[in-house]
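In our numbering, the protein residues as written are 484 to 782.
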């Protein structure tokens, strides 16, 4: 029987001796509970800072260029409250996606003692990652940036300076959704502001000079359009991956499906929590999986 490409890519062994556990150092001490997860990657840190800077830039233009000069107080209050709420949720989702352990496999646990403690049945297959020297659960992949194997790794995103995996996919989806919403909202407000300024004196529609106002609005329009397209596509891709229960890496590598098939609604509950509630939209609510437990990974 011909082996699939997914099997050829893995270090598959059937006995502890073949895993060469003597090449693995004892596993490091487990981090204390509540310890913050943060990847020290220069590119990711720069991308994260740029993300926050762009959100604050949009905040500045929306508040000081668009809303404050408008004489309609109700218009300013409603749009200001909505935009600030969405921006706050977007940044909170970004922070949770960046500082949440995505599902890292304990590093260096491929020791002889640990393998023997698994009490493997005769013929049972275990997977070893030769890069981080760990026993790899099924559907886990090694990230060269995080230098760890990540459970249900979808991809490594430099914009959140972290992998998108089993434990933080909800926050990444919320981040893309809220960024898309504030981008759309900003574009709508820019369009209305241009109409308002064309119908009246430019000096009365902004506290800045007309050239500065136009430049600030054009930059915001370009930023909003760019991020609306990017995050909308990413949001749709993530929701599709969740519903089909197939990560981006599994789709790219066309890995053979060896896990139980669930309904689309149950797959959503696995990521966002069980049962359905308003907490699905909150980056502060940790998913409660209840009956929708994670898949059992075979080692």
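In this text, a Cβ means the ideal position worked out from N, Cα and C, and glycines have one as well.
I'd like to know whether the C-beta atoms of residue i and residue j end up nearer to each other than 8 Å.
i	j	result
residue 548	residue 700	yes
residue 572	residue 654	no
residue 520	residue 582	yes
residue 634	residue 617	no
residue 658	residue 715	no
residue 538	residue 574	yes
residue 643	residue 620	no
residue 544	residue 709	no
residue 641	residue 525	no
residue 647	residue 722	no
residue 645	residue 522	yes
For residue i, which of helix, strand or coil comes out of DSSP?
i	result
residue 579	helix
residue 525	helix
residue 628	coil
residue 765	coil
residue 770	coil
residue 428	Residue 428 is absent from the structure shown; the chain starts at 484 and stops at 782.
residue 553	coil
residue 639	strand
residue 644	coil
residue 616	coil
residue 516	No answer about residue 516 holds up, because its pLDDT of 49 lies below 50 and its placement is not dependable.
residue 593	coil
residue 573	helix
residue 611	strand
residue 634	strand
residue 743	coil
Sort the options by Cα distance to residue i and report the nearest one.
i	options	result
residue 754	770, 761, 762	770
residue 541	671, 694, 739	671
residue 674	537, 713, 697	697
residue 720	608, 523, 637	637
residue 676	524, 527, 525, 562	562
residue 752	734, 678, 649	649
residue 738	766, 622, 693, 601	622
residue 679	550, 705, 604, 533	550
residue 717	639, 765, 687	639
For the putative contact between residue i and residue j, defined by C-beta atoms under 8 Å, what is the C-beta separation to the nearest angstrom?
i	j	result
residue 612	residue 632	5 Å
residue 552	residue 689	5 Å
residue 570	residue 665	5 Å
residue 624	residue 732	5 Å
residue 711	residue 762	Contact doesn't hold; Cβ gap of about 26 Å is too wide.
residue 707	residue 669	4 Å
Is it the case that the CB of residue i approaches a heavy atom of the ligand MG more closely than 7 Å?
i	result
residue 709	In terms of ligand content, the structure shown is empty, and the ligand MG therefore cannot be addressed.
Just checking, does the segment 594–601 make contact with the segment 552–570 on the three C-beta pairs under 8 Å criterion? Between the segment 594–601 and the segment 552–570, the count of C-beta pairs closer than 8 Å stays below three; the two stretches do not touch.
Whether or not the segment 744–762 and the segment 718–731 are in contact is what I'm after, with contact meaning three or more pairs of Cβ atoms, one per stretch, closer than 8 Å; do they touch? These segments touch.
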